[in-house]
Amino acid sequence: MRLDRFLSNLPRFNRQEVRQLLASGRIRLDGQTCCDRHSEVSVFSRVELDDELLQTGKAARYFMLHKPIGVVSATEHPEHRTVLDLLAEPDKHELHLAGRLDLNTSGLLLITNDGQWSRRATSPQHKQPKVYLVETEEPIDPACIATFAQGLYFRFEDLITQPAELEILAPRRARLTLCEGRYHQVKRMFGHFQNKVVGLHRISMGAIVLDERLAPSQYRALTAAEIACF
Ligand code: URA
């Protein structure tokens, strides 16, 4: 929400008073004097008028988890353990996943309470590369490289996938970089070549790389530099 709207929503100020407050430099947003009525105020913003606190600002929380196989990427599930069950954190109901991995996929999963951040991390417009290590049942056909780079037709969604980069590391192992995250995308791409994916592990999203020190099921808070990636 815009700063001027945030202030006008408080019962004590009318629009003219809000304009004056902003012009007089009495409003501080996250510790900085702010005169720009267009500045964005979220639930995480601290807003002050002189020495008075108008909004404390909730703590934004960001985690990376090494998702193990067999745990579901959801906040609740009737049968399986969820990734949130692996976190020893308070107020877990406020957290959500920035992207998902299939039940039998392992690797980097980002978890946060910041909806704007997770949209930037996952929305197709932002085209953040996601890197996967893939193991297949059959040897990988080198023709996959050109086909994945050109894009594949997905009938269900009626679209062509974004260009993807495939690097064959061994006859049945490859590194695949996608800039989108369609349902079962990697499995469907290899399925086009009648090759079953038998192992899938995500190693990065954008510039955030799964910390090698995290064993499956372990997690840690993101650093300030990692948070700033999205
Ligand atoms: N593609 C898949 O097929 N599965 C995943 O978990 C992620 C990408």
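If you read the sequence shown in our numbering, its first letter stands for residue -5, the second for the next number, and so on.
C-beta: ideal position from N, C-alpha, C; glycine also.
Just so you know, these numbers come straight off a predicted model, no measurement behind them.
**Message:** Spatial neighbours of P165 within its chain, please: C-beta separation below 8 Å, excluding the five flanking residues on both sides.
**Reply:** Taking the first residue of the sequence shown as 1, we reach residue 165 at position 171. Contacts found: P133, I134.
**Asked** What residues are listed by DSSP as bridge partners for V41?
**Response** Locating residue 41 in the sequence shown gives position 47, where the first residue counts as 1. In DSSP, V41 forms a bridge with L23, Q49.
**Request:** Tell me whether D30 is buried or exposed, calling it buried when 16 or more other Cβ atoms sit within 10 Å of its Cβ.
**Result:** What you label residue 30 is simply residue 36 of the sequence shown in a count that begins at 1. Flag for D30 reads exposed.
**Request:** Kindly examine the ligand URA and report whether one of its heavy atoms sits closer than 6 Å to the Cβ of K181.
**Result:** Indexing the sequence shown from 1 puts residue 181 at position 187. Yes; taking the cut-off as 6 Å, the Cβ of K181 has a heavy atom of the ligand URA nearer than that.
**Item:** Three-state class that DSSP yields for G193 in the structure shown
**Value:** Translated into positions along the sequence shown, residue 193 becomes position 199. Correct three-state label for G193: strand.
**Prompt:** So, helix, strand or coil for R167, using DSSP?
**Reply:** Along the sequence shown, read from residue 1 onward, the residue named residue 167 stands at position 173. Strand at R167.
**Request:** Tell me whether R196 is buried or exposed, calling it buried when 16 or more other Cβ atoms sit within 10 Å of its Cβ.
**Result:** Walking along the sequence shown from the start, residue 196 turns up at place 202. Label assigned to R196: buried.
**Message:** Is it buried or exposed, V203, if we count other Cβ atoms within 10 angstroms and call 16 or more buried?
**Reply:** Here the question's residue 203 lines up with position 209 in the sequence shown. When all chains shown are included, V203 counts as exposed.
**Message:** Could you tell me the alpha carbon to alpha carbon distance between L95 and L59, rounded to whole angstroms?
**Reply:** Within the sequence shown, numbered from 1, the residue matching residue 95 stands at position 101. Within the sequence shown, numbered from 1, the residue matching residue 59 stands at position 65. Cα to Cα, L95 sits roughly 11 Å from L59.
**Asked** Who are I162's beta bridge partners in DSSP?
**Response** Stepping through the sequence shown from its first residue, residue 162 is reached at position 168. Beta-bridge pairing links I162 to A168.
**Message:** Does A127 come out as helix, strand or coil in the three-state DSSP assignment?
**Reply:** Here residue 127 corresponds to residue number 133 of the sequence shown, with the count starting at 1. Just to set this straight, residue 127 is Leu in the shown sequence, not Ala. L127 falls in the strand class under three-state DSSP.
**Request:** Check whether the region 89 to 105 touches the region 174 to 194, taking contact to mean three or more Cβ pairs, one atom from each stretch, closer than 8 Å.
**Result:** yes
**Request:** Compute the beta-carbon to beta-carbon distance between E46 and P118, rounded to the nearest angstrom, for a pair I have assumed lies under 8 Å.
**Result:** In the sequence shown, residue 46 corresponds to position 52, counting from 1. In the sequence shown, residue 118 corresponds to position 124, counting from 1. At roughly 42 Å, the Cβ-Cβ gap does not stay under 8 Å, so E46 and P118 are not in contact.
**Asked** Can you check whether the CB of I21 is closer than 7 Å to the CB of L43?
**Response** For the purposes of this step, residue 43 is taken as the residue at position 49 of the sequence shown. For the purposes of this step, residue 21 is taken as the residue at position 27 of the sequence shown. Closer than 7 Å, so yes.
**Message:** If the criterion is Cβ atoms closer than 7 Å, does the pair F57 and A215 meet it?
**Reply:** Counting from one through the sequence shown, the residue named residue 57 turns up at place 63. Counting from one through the sequence shown, the residue named residue 215 turns up at place 221. For F57 and A215, yes; Cβs fall inside 7 Å.
**Prompt:** Quick one: does the C-beta of L204 sit closer than 6 Å to a heavy atom of the ligand URA?
**Reply:** In the sequence shown, the residue the question calls residue 204 occupies position 210. Checking every heavy atom of the ligand URA against the Cβ of L204, none is found closer than 6 Å.
**Prompt:** Relative to the ligand URA, is the shortest distance from any of its heavy atoms to the C-beta of T99 smaller than 6 Å?
**Reply:** The residue labelled residue 99 in the question sits at position 105 within the sequence shown. Indeed, a heavy atom of the ligand URA lies less than 6 Å from the Cβ.
**Request:** State the beta-bridge partners of Y213 as determined by DSSP.
**Result:** Mapped onto the sequence shown, residue 213 falls at position 219. In DSSP, Y213 forms a bridge with L59.
**Request:** Could you check what DSSP says for S18 in three-state terms: helix, strand or coil?
**Result:** The sequence position of residue 18 within the sequence shown is 24, counting from 1. DSSP places S18 in coil when its eight states are reduced to three.
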